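All remarks here apply to the structure that follows.
Residue numbers (our numbering), protein chains in the order written: chain A, 1 to 251; chain B, 1001 to 1251.
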């Protein structure tokens, strides 16, 4: 029995969700609502004490951290439509890219996402309610992020993060100009984990991600969206009235 | 044929080096000198364009990123004294800890290390020479770090990083109070990768890491230092007159 706790098919939540769809594994999706801080409620912190999605429940065992969950699915179901290469050198290439998105790419995009999407959400509630919510967030850095979002991030931080977004996009474009997929000849977790952050940037970051400046990245985004697994995932979320969320409320 | 490019047995360089010693794999160590910016010289950037150690050359194939190299060694030599569990749930636990050290623990310790050890090194050379060296560093964030080290990091940054150091140490101590090794019953890459940063903190951060406040962490540091592989690694480095380096010049 697999249950995936997530915010729906966007940002870090998308990674294990798309992996599950690609592998065709049956699972129960459990969507949490970040707007009401559901991931910081007591019942969920019993599942993940860090109060973060995604989290996978596999027969009662809890796996957290989006990239770790993705590799876990490969370890448990290695032969069901593998998303990890067999060759050790190619696995290492894949991990360089999943590590890079977790350590660099996701953070800069996330800050801009928090400024744009979480800021208004955080300002929509009263100061009293906001402070009450803050008390239940287990990770101090997340509290700082919520406060920054509510007050508006300092201009220098936003500029620095935009610089990193541009560096990230240039890196992806350069790689995809020389290789069909990030880790080499095959579609792998490297693509899924970077797509989780890059998808939708052609709208939210259209100055940087567009057909003129980043044709290979655009083509890659379209190729992944066109895969049956991605189509099914997004269609199902739409039916359940779950809009894809920006790289934002997940860490 | 395995060649490991590194700064010697400290910080990120230590991770694959200790893994190689633990597995008993023959390899050629190639030590670079960060004091003369050897890792930013042209010959090394042909090996790793990002100008960072460690890097592994395996029969001409280059693997970079310390944690990725460690897992690569498990993928290529899975049966030689394994440092990765067999059970998928335990592998996931291991990866949570190797991910955490790469994304959180290593960065705060590294900043303090740069302030203390790299700062004097950066101030010891003329401005002209310093600026010349900066031109050869491929990663912009590394240039910023060198400039901060030369000028002294702002007080607020150092205080924030020390706060994260204390949180990190408390997390390790809590885990080691309940489990002999970080990922569970066995010594794994989780221990090696965290030891790479924690070893020596009982000297450099003795206010935080000591027998009174963190007895389980101290015991774990000693248990790893007492392992034949660690003894051999440090003894060999000493014979080659290579002092262990702080969590510093590697990223």
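Ideal Cβ placement from N, Cα and C applies to all residues, glycine included.
Computed from a predicted structure; not experimentally measured.
When DSSP assignments are scanned along the stretch 20-77 of chain A, the uninterrupted stretches of beta strand (DSSP E) that are 3 or more residues long and fall wholly within it turn out to be 28-31, 55-58 and 61-64.
Judged by beta-carbon spacing, residue 1114 of chain B lies within the 8 Å limit of residue 1149 of chain B, meaning their Cβ atoms are closer than that value.
Contacts with chain A at 8 Å (Cβ-Cβ) include residue 1103 of chain B. The beta carbon of residue 84 of chain A does not come within 8 Å of any beta carbon belonging to chain B, so the residue lies off that interface. For residue 1189 of chain B, no beta strand (DSSP E) run applies; the uninterrupted alpha helix (DSSP H) run containing it begins and ends at 1189-1198, by DSSP. By the Cβ-count criterion, residue 1016 of chain B is buried, with 16 or more other Cβ atoms from all chains shown falling within 10 Å of its own Cβ. Within the stretch 1067-1084 of chain B, the residues whose Cβ lies closer than 8 Å to any Cβ of chain A are, in chain order, 1067, 1068, 1069, 1071, 1072, 1075 and 1076.
Relative to residue 1121 of chain B, the option among B:1146, B:1110, B:1103 and B:1098 whose CA is nearest is B:1146.
With contacts defined by Cβ atoms closer than 8 Å, residue 1064 of chain B and residue 1027 of chain B do not form a contacting pair.
At least 8 Å separates the beta-carbon of residue 40 of chain A from that of residue 5 of chain A. Put simply, of B:1092, B:1144 and B:1069 the residue whose alpha carbon is nearest the alpha carbon of residue 160 of chain A is B:1144.
Restricting attention to A:141, A:215 and A:71, the CA atom closest to the CA of residue 193 of chain A is found in A:71.
Straight-line spacing of the CA atoms in residue 1207 of chain B and residue 1175 of chain B works out to 20 Å. Taking C-beta atoms under 8 Å as the contact rule, residue 1097 of chain B and residue 1170 of chain B fail to qualify, at a distance of about 15 Å. Residue contact with chain A for residue 1096 of chain B: present (Cβ-Cβ distance below 8 Å to some residue of chain A). DSSP, read as helix, strand or coil, puts residue 1144 of chain B in helix. Per the coordinates, the alpha-carbon of residue 81 of chain A lies some 15 Å from the alpha-carbon of residue 191 of chain A. Looking only at A:111, A:68 and A:196, the smallest Cα-Cα distance to residue 155 of chain A is reached by A:111.
Looking at the backbone, the Cα of residue 1133 of chain B and that of residue 1011 of chain B are separated by about 22 Å. In the structure shown, the three-state DSSP call for residue 1004 of chain B is strand. Here the alpha carbons of residue 179 of chain A and residue 1137 of chain B stand approximately 26 Å from one another.
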